[in-house]
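Chains as they are written, first to last, in the working numbering: chain A, 70 to 145; chain B, 1069 to 1290.
A virtual CB, placed ideally from N, CA and C, is assigned to each residue, including glycine.
Bear in mind that the values here come from a model prediction, so they are computed numbers and not experimental data.
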Amino acid sequence: MSTPNAQPLMQAILQILQQMNKPLSVEELSFRTRSTDSLVLHSVNQLLEANVVVKKGELLSLNQREQDYQLKRMLY
Amino acid sequence: MSTFWLCFAAFTTAFIFTYIGVWNSKRFSNYFFLVRYSTVVLTYCLLYGMLAAGLYLLLAPGKLTIEDQLLQLPGEWALAIGTGIVTHGVADLNFFNIRHAGESFPVGLRSFSRYAEAYFERQCDSVCFERFIVFITPYRNKYQQAELTFFKEQILQLLTAHPSPEKIAAFTSEVIVPAGSAKEIIDGILREFGRDTLQTIDRQLSGTSFTNHKRITAGIFR
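Written as structure tokens, this is what we have:
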């Protein structure tokens, strides 16, 4: 399933994770992107599949090993 | 008139205008009530207030003159208040942008102020999120057991009285229909319509058949 807002939302999620430089929950990402949990979960799942973010329990953070390459590719 | 009071006028004006700017900002919008007295917002306003006082001291020796008739105030007061009003705009001055590796970098006073702005937004969001959770949790707990389809119908029914049908249509398609839980709808009401609407809906739901339906549903599954 693909939503029209997925790409900008994904970029927003990545930018927030990069700026905050700490793991965040889906709930906090929904709040910071001013989006719904469902939309954020959809984008986060795509980012997890692309190995750009990693999941530690309830928290998500950037995959440090992949981020240099993947992050630029996703953002620009 | 002593320079101190003129600087104070510039400071106060910039402080008030910056506060109004945050209040009206699209970013905080319906969440503003959560951060209105927070240290982060007050520090942000204080920063621009001090910048305005400094800017006034730079302009005061006569490098810039303002018509004495402006606002019917003596020139020095008009300059102090005018400085306070434009300080935020001056800090946002951007002469041109340099693009490198797909990233745009502003050249001007914006080169410095954007870091302060980004830092403020992050800090403010952190405070705002913490207070958001405290505020919204009782509402989430109250409706977490609600039967979702019935809850959606009740919300839609209540929102038909809202004066903006376009907003309701957008809210229905973007939040209510895809929502997988009552929590998402409650969060969405606060985000899109604000605290007063959320509290009105809560009062209405508490006084209607929703509570009866909840009791009946609970009774069936007991």
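Using a Cβ-Cβ cut-off of less than 7 Å, list which residues of the stretch 83-108 of chain A approach chain B; keep chain order.
Listed by position, the residues of the stretch 83-108 of chain A near chain B (Cβ gap below 7 Å) are GLN88, MET89, GLU97, PHE100, ARG101, ARG103, THR105, ASP106, SER107.
Leaving out five residues on either side along the sequence, give the residues of the same chain with a beta carbon under 7 Å from the beta carbon of ARG1182(B).
Result list for ARG1182(B): PRO1174, in chain order.
Taking the alpha helix (DSSP H) that SER1194(B) falls in, what are its first and last residues?
1178-1211
Mind checking if PRO1174(B) is an interface residue toward chain A, Cβ cutoff 8 Å exclusive?
Cβ-Cβ to chain A under 8 Å: no for PRO1174(B).
Residues that DSSP places opposite ASN1165(B) in a beta bridge
PRO1174(B)
Spatial neighbours of ILE85(A) within its chain, please: C-beta separation below 8 Å, excluding the five flanking residues on both sides.
LEU93, LEU98, ARG101, THR102
Burial state of SER104(A) (16 or more Cβ within 10 Å)
buried
What residues in its chain sit with their C-beta under 7 Å from that of LEU1273(B), if we drop five residues either side in the sequence?
These residues qualify, in order along the chain: GLN1222.
Coil, strand or helix - VAL20(A) by DSSP:
With chain A covering only 70 through 145, there is no way to say anything about residue 20(A).
Assuming VAL1117(B) and PHE1083(B) make a contact with CB atoms under 8 Å, what is their CB distance in whole Å?
Note that residue 1117(B) is Gly in the sequence shown, not Val. Right, their Cβ atoms sit about 4 Å apart.
According to DSSP, SER130(A) sits in a beta bridge with which residue or residues?
Its beta-bridge partners are VAL123(A).
Using a Cβ cut-off of 8 Å (strictly closer), state whether GLU1185(B) contacts chain A.
no
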